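Under the working numbering, the first residue of the sequence shown carries the number 118, and numbering increases by one thereafter.
C-beta: ideal position from N, C-alpha, C; glycine also.
Here the structure is a predicted model, which means the values were calculated and not measured.
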Amino acid sequence: MTAADAPPDAPSHPRPPAAPATLARAHWSEPADGQPPPIAGFVVSSFSPLVAAVAERCLRAAHGTPQAADPRRVGRTALVLASTGGDRATADAVTHAVTQGRKVPPLLFFQSNPNAVAGHITARWGLRGPVGCVRTARDGDALADALAAAELLLLAGEADEVLAIAAEAGPGTPDEAHALLLAPPPPGSPAGPPPQPKGDPHP
């Protein structure tokens, strides 16, 4: 049966909305990069400095400096952070201290929550939109998860822009992070391709 042969009451499949517009993007590390700059109050692990560094690079590409950023824009900017492994170095440090019967430094408890570095970024740049952290499945794609969550926030009208970050750092893993600043597609942007039927329509 072709589309022309379909009965009038056959269900339609609306096209998904157009993809968000990318206002700025950043990657860490570039060939000239060393270690991410340290952050006061974050110790032991490179995960939080990595997230902060790629966010800083992306936001500077869009706004210049925190002081130059338009409060109306950053006030409606959300942040999404996704990772497969999370802050493994901090988790390992906490586990090691507990198994050795030693007192766990309070800073490790603080930074073990990824919202800690997200809060650092939002405070520095004045971002006032929602903040979310996504744990990606081991065989998943953290950047795809961050972009999907960002798109949902834009579609729901929860934010005018979303800073989507994917970061991986830990023992045996090269530190790497991506950040994209996203906004709704411009008016009149073409919709995405129609959903494809699953399976063989003519078994």
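Backbone secondary structure at residue i - three-state DSSP
| i | result |
| --- | --- |
| Val211 | helix |
| Ser165 | helix |
| Glu268 | helix |
| Val171 | helix |
| Thr139 | strand |
| Ala157 | coil |
| Ala261 | helix |
| Ala178 | helix |
| Ala286 | strand |
| His319 | Note that His319 has pLDDT 42, beneath the 50 cutoff, so the model's placement of it is unreliable and no number is given. |
Residue j beta carbon less than 8 Å from that of residue i
| i | j | result |
| --- | --- | --- |
| Ala263 | Ile282 | yes |
| Ala136 | Pro303 | no |
| Asp277 | Arg177 | no |
| Gln113 | Asp204 | Lying outside 118 to 320, the shown extent of the chain, residue 113 is not represented and no answer is given. |
| Ser163 | Ala286 | yes |
| Gly158 | Val191 | no |
| Glu275 | Pro231 | no |
Rounded Cβ spacing between residue i and residue j (contact assumed at less than 8 Å)
| i | j | result |
| --- | --- | --- |
| Leu270 | Ala141 | Between Ala141 and Leu270 the Cβ distance is about 17 Å, and since that is not below 8 Å, they are no contact. |
| Ala259 | Thr207 | Ala259 to Thr207, Cβ: 17 Å. No contact. |
| Thr175 | Ala143 | The sequence as given places Cys at residue 175; Thr does not occur at that position. Between Ala143 and Cys175 the Cβ distance is about 4 Å, and since that is below 8 Å, they are a contact. |
| Ala172 | Val279 | Incorrect: roughly 12 Å between the Cβ atoms, too far for contact. |
| Val168 | Ala284 | 5 Å |
| Pro154 | Ala170 | 6 Å |
Extent of the continuous alpha helix (DSSP H) to which residue i belongs
| i | result |
| --- | --- |
| Gly236 | 232–242 |
| Arg252 | That residue, Arg252, is in no alpha helix (DSSP H); its beta strand (DSSP E) goes 248–252. |
| Pro188 | 188–191 |
| Pro223 | 223–228 |
Where the beta strand (DSSP E) containing residue i begins and where it ends
| i | result |
| --- | --- |
| Pro291 | 290–300 |
Paired residues, beta bridge with residue i - DSSP
| i | result |
| --- | --- |
| Leu280 | Leu196, Leu298 |
| His144 | His295 |
| Gly305 | Answer is none; Gly305 lacks a bridge partner. |
| Asp204 | Ala286 |
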